[in-house]
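This note's numbering numbers the first residue of the sequence shown as 7 and each following residue consecutively. Idealized CB from N, CA, C, for every residue including glycine. This one's a predicted model, so the numbers in the text were calculated from it and none came from an experiment. Quick notes on the structure that follows.
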Amino acid sequence: GALRAVVRALDGHQAHAGVQEQGCRALVNICSGSDAAGLAHKQQAADAGALRAVVRALDGHQAHAGVQEQGCRALVNICS
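Set out below in structure tokens:
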């Protein structure tokens, strides 16, 4: 589904800051909410490797404010 596609994009375009920022932004949106669907999306994201992909994006683009902002937001949404 969409989560796996986002993680594949993050994995496949690690050097491209724009892809990393928008991929993290997509995860922010997909993993929002605390209802049953939101919680399921958070678990699916974790299972798909999203946490690893986001941390790698943050590490690989430390000077890119957009990646840092969206990556941190993605981690908050996935982990909450």
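Simplified DSSP assignment, three categories, for residue i
{"i": "Gly39", "result": "coil"}
{"i": "Gly7", "result": "coil"}
{"i": "Ala93", "result": "The displayed coordinates of the chain run from 7 to 86. Any statement about residue 93 would go beyond what the structure contains."}
{"i": "Gly29", "result": "helix"}
{"i": "Gly55", "result": "coil"}
{"i": "Gln20", "result": "coil"}
{"i": "Ala69", "result": "coil"}
Proximity to residue i [Cα-Cα], best of the options
{"i": "Asn83", "options": "Ala11, Arg31, Ala54", "result": "Arg31"}
{"i": "Ala71", "options": "Arg58, Arg10, Gln26, Ile36", "result": "Gln26"}
{"i": "Ala51", "options": "Cys37, Ala43, Arg79", "result": "Cys37"}
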